[in-house]
Amino acid sequence: YNLQGQKWNHVNLTWSLRTRRLDKVDHGWVRSDLNRAFQVWSKHSKLTFREVNSESADILVFFEKGYHGDGYPFDGPGQVLAHAFFPGTGRGGDAHFDEEEEWLVADKTSKDGTSLFRVAVHEFGHSLGLSHSSVPNALMFPWYQDMQSDFELPNDDRIGIQVLYGVKDEKSWGNIPVYNPQTSIIPVLSTTVPTITAVTRSTAITSYTTPVTPSKPTTSRTMPPRRAEVAVVVDEKPDFCNTSFDAVSIIRKETFFFKGKYTWRLGPKGLYAGYPAQISRLWYNLPSNMTQVDAVYERQDGKIVFFIGRKYYVFDGNNPLPGYPKPLTALGLPDELDHVDAAIVWGHNSKTYIFSGTMYWRCDDETEQMELDYPRDMSIWRGAGYNIDAAFQWHDGATYFFKNRDFWKFNDLRMRVEQEEPRSIGEFWFNCTATGGSGRNGDR
Amino acid sequence: RRRTRSTPIFDDVHGYLMKFGYLPESDLETGNLMDGNQLHEALRTLQTFGNIPVTGKMDAATKQLMKKPRCGVPDISQPTGQRRTKR
């Protein structure tokens, strides 16, 4: 067995099926099979599982197809059938099944179909903290194998789950509850289910000392707010402790944070006095009705590029170059693109990248045109998610992705965020405390 | 009516090995050329993990393994598995 490195810090877990529409199979049988899959793990450990109808359950189960917002698109029938996230907050613990598979429930068999129970047992192993095992008959072997529904948990998996959560100390295991299609009720194991009065989505980070492998990225469950919703009242100076940012960039070796009409300047000695300053005071002749910049970056020739809506501006120092602004289409970006989210020179290969929504492009600096083979899906920037607010390469050489009030440090070699949990922008970049922040409009 | 099975999106060997952690994904973006040894080593690791004969080559057993339905979670999360160890 192989432990991923994280585990739940409580053993009375809750789960919830969050997919309402399942065309091909009986919803009740699906829940029954999922319940049976959880019981396989609880049978041999101190874990108990309780089904709840709540978004705040520890483990949420979804049936999704194709691109479904987590950077791990499904591929239609065959090949990859499901995936799950290791224990953690937000998406941690959740299991996703490819809706386009031919799922077989209630022990039905078919040459073309796949047993939901069989796949669910494996995926829930990930939800509990187990990685893939190379033991061929183990449940956590990456390639699914047929098995009977009354099978015994293989030793490899049994030891793995018991190392994480301990051995069941009582002989309280009863019969696996079975779905009754007449009543649509799945009975609950009364002997093992503890009393839980409040269902909260738990923090589940407990470090473990065995070989630690990074978990899959965990991002916020909530859909990204629309850009208009993120914007603050632009006529007031935003509080840097309590805001998202439109753009962040290193310009002339100093870090500039942009929000609305304002920018903050962070140098080696910290935040500069007199900031935030109006962007128009530093860079002249930007449109007077501008409410925000979308992205800013310093080109390798030292020119500074601003993206605002469907246009981009190029500055030499404080002054705009003649001939600008130009439409995004002049860069070879598609006509339907109404904004870009971020633009960076990636330190890993010194190429310029443009991000927007779920896609990204690579720009040839010599021709000022997007390269062939782009756009590509942003999922390769694993853990950064879609619809980012900003991205930039900092002095440490690492790439940083900003979204809402959080950010991720990105490992360029491994192509994934260093930590699945985002960190607070205010706390890290501006030394804000977790509780304070309001009213500090850069006056320090 | 039953849908025909889709062509796997990891229909190329490199893509499959990157997707499941046997090769670094940065190569996909940077376009770095990898030497033959790196690919053979990745295949050997895959074959070891999959409990098939370890040849380091794209043989029939490896092709068969790569066609099998599987979980989408990577098998190897760190490149250390492919690192040479000091004697």
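From first to last, the protein sequence lines stand for chains C and V. First residue of the first sequence? That's 16 in our numbering, and the numbers climb one at a time after it. First residue of the second sequence? That's 39 in our numbering, and the numbers climb one at a time after it. Backbone N, C-alpha and C define an ideal beta-carbon position, used for all residues, glycine too.
Under 7 Å by beta carbon: chain C residues contacting residue i
i: Leu66/V; result: Ile395
i: Asp113/V; result: His147 and Pro157
i: Thr93/V; result: Result: empty, since nearest Cβ-Cβ is about 17 Å, beyond 7 Å.
Contact under 8 Å by Cβ, residue i with residue j
i: Phe464/C; j: Glu115/C; result: Absent from the structure is residue 464/C, since the part of chain C shown begins at 16 and ends at 459.
i: Ala97/C; j: Asp113/C; result: yes
i: Tyr16/C; j: Asp171/C; result: yes
i: Asn419/C; j: Asp356/C; result: no
i: Met104/V; j: Leu81/V; result: no
i: Asp261/C; j: Lys252/C; result: no
i: Pro92/C; j: Leu143/C; result: no
i: Pro342/C; j: Lys326/C; result: yes
i: Leu352/C; j: Pro62/V; result: no
i: Pro169/C; j: Arg108/V; result: no
i: Ser365/C; j: Gln315/C; result: yes
i: Lys22/C; j: Leu179/C; result: yes
i: His137/C; j: His111/C; result: no
i: Phe166/C; j: Phe53/C; result: no
i: Trp30/C; j: Phe78/C; result: no
i: Leu84/V; j: Leu55/V; result: yes
For residue i, the three-state DSSP class (helix, strand or coil)
i: Ser57/C; result: helix
i: Ser187/C; result: Because Ser187/C carries a pLDDT of 47, less than 50, the predicted location of this residue cannot be relied on, and the following value inherits that uncertainty. Ser187/C: coil per DSSP, three-state reduction.
i: Arg267/C; result: coil
i: Thr29/C; result: strand
i: Tyr180/C; result: helix
i: Phe407/C; result: strand
i: Phe100/C; result: coil
i: Ser47/C; result: helix
i: Arg216/C; result: Low confidence applies to Arg216/C: its pLDDT is 41, below 50, so where it sits in the model is not reliable enough to give any reading.
i: Phe87/V; result: helix
i: Tyr16/C; result: coil
i: Leu352/C; result: coil
i: Tyr54/V; result: helix
i: Gly84/C; result: coil
i: Ile369/C; result: strand
i: Asp379/C; result: strand
i: Gly175/C; result: helix
i: Lys418/C; result: strand
i: Thr344/C; result: helix
i: Glu108/V; result: As written in the sequence, residue 108/V is Arg, which differs from the Glu given in the question. Here Arg108/V sits in strand by DSSP.
i: Phe23/C; result: Checking the sequence shown, residue 23/C turns out to be Trp, not Phe. Looking at Trp23/C - three-state DSSP - the assignment turns out to be coil, as it is neither helix nor strand.
i: Gln434/C; result: coil
i: Phe443/C; result: helix
i: Met393/C; result: helix
i: Gln102/V; result: helix
i: Pro202/C; result: Note that Pro202/C scores a pLDDT of 40, beneath 50, so its modelled location is shaky and nothing firm can be said.
i: Ala121/C; result: coil
Listed by chain order, chain V residues near residue i by CB distance under 8 Å
i: Thr129/C; result: Pro107
i: Pro102/C; result: Chain V residues near Pro102/C: none, gap ~13 Å exceeds 8 Å.
i: Pro169/C; result: None at all; the shortest Cβ gap to chain V is about 14 Å.
Chain V contact residues for residue i, given Cβ-Cβ distances below 7 Å
i: Asn364/C; result: Thr68
i: Asp427/C; result: Ser64
i: Ala97/C; result: Cys109 and Gly110
i: His141/C; result: Val111
Contact set between residue i and chain V, taken where Cβ atoms lie within less than 9 Å
i: Glu466/C; result: With chain C covering 16 to 459 only, the question about residue 466/C has no answer from this structure.
i: Met374/C; result: Ordered by position in chain V, no residue passes the 9 Å Cβ test against Met374/C, which lies about 14 Å from the chain.
Any chain B beta carbon closer than 8 Å to residue i
i: Leu55/V; result: Among the protein chains in the structure shown, which are C and V, there is no chain B.
Contacts of residue i in chain C (Cβ-Cβ under 9 Å)
i: Leu103/V; result: Trp158
i: Thr86/V; result: Ser149
i: Asn89/V; result: Ser149, Val150, Pro151 and Phe156
Contact test: residue i Cβ vs the ligand ATP heavy atom, cutoff 7 Å
i: Gly86/C; result: Inclusion of the ligand ATP in the displayed structure is not the case, the ligand content being empty and no account of it being possible.
task: For the segment 81 to 93 of chain C, enumerate the residues whose C-beta is nearer than 7 Å to any C-beta of chain V, in chain order.
output: Under the 7 Å Cβ criterion, the segment 81 to 93 of chain C contributes Tyr87, Asp90, Gly91, Pro92 and Gly93.
contact_flag[the segment 377 to 390 of chain C, the segment 337 to 350 of chain C] where n(CB pairs < 8 Å) is 3 or more: By the criterion of at least three beta-carbon pairs nearer than 8 Å, the segment 377 to 390 of chain C is in contact with the segment 337 to 350 of chain C.
query: Taking one C-beta from the segment 262 to 269 of chain C and one from the segment 397 to 412 of chain C each time, how about it: are there three or more such pairs within less than 8 Å?
result: By the criterion of at least three beta-carbon pairs nearer than 8 Å, the segment 262 to 269 of chain C is in contact with the segment 397 to 412 of chain C.
field: Three-pair Cβ contact test at 8 Å for the segment 419 to 431 of chain C versus the segment 370 to 377 of chain C
entry: With the cut-off at 8 Å, the segment 419 to 431 of chain C and the segment 370 to 377 of chain C do not touch.
- prompt: Just by C-beta distance, which residues in the segment 382 to 412 of chain C are closer than 9 Å to chain V?
  reply: Against chain V - using a Cβ distance shorter than 9 Å - the residues of the segment 382 to 412 of chain C are Arg391, Ile395, Trp396 and Arg397.
message: Taking contact to mean 3 or more Cβ pairs, one atom from each stretch, closer than 8 Å, check whether the segment 290 to 303 of chain C and the segment 314 to 333 of chain C are in contact.
response: Per the Cβ contact rule, the segment 290 to 303 of chain C is in contact with the segment 314 to 333 of chain C (3 or more Cβ pairs under 8 Å).
- request: Using a Cβ-Cβ cut-off of less than 7 Å, list which residues of the segment 413 to 444 of chain C approach chain V; keep chain order.
  value: Under the 7 Å Cβ criterion, the segment 413 to 444 of chain C contributes Asp427, Leu428, Arg429 and Met430.
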